[in-house]
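Engineer:
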Ligand code: NAP
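In this note's numbering, the protein residues as written are 1 to 281.
1) Please name the residue in 151, 141, 170, 64 whose C-alpha comes closest to that of residue 36.
2) Taking the beta strand (DSSP E) that residue 155 falls in, what are its first and last residues?
3) Beta-carbon within less than 6 Å of residue 1's beta-carbon, same chain only, minus the 5 sequence neighbours each way: which residues are those?
4) Would you tell me roughly how many angstroms separate the C-alpha atoms of residue 27 and residue 117, rounded to the nearest one?
5) For the beta strand (DSSP E) containing residue 202, name the first residue and the last one.
6) So, helix, strand or coil for residue 68, using DSSP?
7) Going by C-alpha distance, which of 136, 178, 190 is nearest residue 282?
8) In angstroms, rounded to a whole number, what distance separates the CA positions of residue 221 and residue 45?
9) So, for residue 59: in the same chain, excluding its five sequence neighbours on each side, which residues have a beta-carbon less than 6 Å away from its beta-carbon?
10) Do you know offhand how far residue 168's Cα is from residue 137's?
11) What I want to know is whether the C-beta of residue 226 ends up closer than 7 Å to one or more non-hydrogen atoms of ligand 1.
12) Considering only the alpha carbon of each residue, which of 264, 232, 237, 233 lies closest to residue 225?
13) Return the CA-CA distance between residue 69 and residue 130, expressed in angstroms with no decimal places.
14) Does the distance from the CB of residue 239 to the CB of residue 208 come in under 8 Å?
15) Tell me whether the beta-carbon of residue 142 lies closer than 8 Å to the beta-carbon of residue 274.
16) Can you name, in chain order, every residue of its own chain whose Cβ lies under 8 Å from the Cβ of residue 255, other than the five neighbours on each side?
17) Could you check where the beta strand (DSSP E) with residue 233 kicks off and where it finishes?
18) Would the beta-carbon of residue 67 fall within 8 Å of that of residue 95?
19) Go through its chain and collect everything with a Cβ distance to residue 73's Cβ below 8 Å, but skip five positions before and after it.
20) What is the C-beta distance between residue 257 and residue 223, in whole angstroms, given that I count them as a contact (C-beta under 8 Å)?
21) Given the structure, does residue 169 come close to ligand 1, in the sense that its CB is under 7 Å from one of the ligand's heavy atoms?
22) Can you find the residues in the same chain that come closer than 6 Å, C-beta to C-beta, to residue 165, ignoring five residues on each side of it along the sequence?
23) For the alpha helix (DSSP H) that residue 17 lies in, which residues bound it at each end?
24) So does residue 149 have its beta carbon nearer than 7 Å to some heavy atom of ligand 1?
25) Assuming residue 54 contacts residue 17 under a Cβ cut-off of 8 Å, what Cβ separation, rounded to an integer in Å, is found between them?
26) Can you grab the Cα-Cα spacing for the pair residue 139 / residue 263, in whole Å?
27) Over the uninterrupted beta strand (DSSP E) stretch that includes residue 59, give me the two end residues.
28) Smallest Cα separation from residue 267: which of 134, 199, 108?
29) Quick check on DSSP: helix, strand or coil for residue 141?
30) CB residue 155 to CB residue 195, shorter than 8 Å?
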């Protein structure tokens, strides 16, 4: 069965819109774009479009190469203090001369809508509730649950160990009582691991890394990877056309994990607003 990320994301967005419509004051999301990357510009435009459609207050700060670390730090301090801003998102990567780590760490963890702050990552790893859970990993768990896919007791293989996808997905799956293996580019004989997995989450950006012969019959395959081909089409890490005949559930690219990421960003903004306005609501 093909997992329809667009459909699940759409109903999540509808739910969030209903909740936002009931608020007197609208949640505010600030997005900072400080790089020249074409994909980042597209992602930021999409975040802005969704925010507006949901009735959020959207503020996008776009900078050219002349932006300094100091100016960016001052802006984040201002946003941290601004009661109209509930979520702050720094689109990664930043221009090379900027220190990404320092920028992410000065965001107030209670406004860290991407869930990348060490406080939120630490809370996730220690089994405490983060103020916000990283959007793509959160979206993956929501997709599995939307299709009633059992996680507890399953062998889950996560391929990719980035801080924004692989490691937090592995942690969320562990919290859901899966037995998790985390593979990466130095993993030897990847097929030995994929063949044993009930759930495979691939987040590498390596097109067609996962072929049909690597997948156990009936496994669930979640493809996070996005690679733009020469003709402009997007493809994932999984050889979708062949793997779909072996897997019990599989996400397409596009239309699988991607729409969930943006829906979870909107949900995180709403949840942070509620957290910051506990007494008023
Ligand atoms: P990343 O930081 O580049 O990390 C990629 C990971 O994949 C690394 O851990 C790397 O291993 C591992 N890897 C690379 N080639 C491999 C191979 N041949 N075999 C096994 N492991 C391999 O990327 P990311 O930010 O996590 O993103 C991963 C992919 O997901 C990208 O295509 C990105 O565009 C996509 N993405 C999609 C969404 C969405 O909403 N759908 C959101 C975020 C990212 P090492 O650590 O050893 O280098």
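We put the beta carbon where it would ideally sit given N, CA and C, even for glycine. None of the values given here were measured: they were computed from a predicted structure.
Structural biologist: On the basis of the supplied data:
1) 64
2) 155–159
3) 249
4) 20 Å
5) 199–202
6) coil
7) The structure shown does not extend to residue 282, since the chain is modelled only from 1 to 281, so the question has no answer here.
8) 29 Å
9) 30
10) 6 Å
11) yes
12) 237
13) 27 Å
14) yes
15) no
16) 4, 5, 6
17) Neither: residue 233 is in no beta strand (DSSP E) and is coded neither H nor E.
18) yes
19) 102, 103, 106
20) 7 Å
21) no
22) 136, 203, 224
23) 5–21
24) no
25) 5 Å
26) 8 Å
27) 57–62
28) 134
29) helix
30) no
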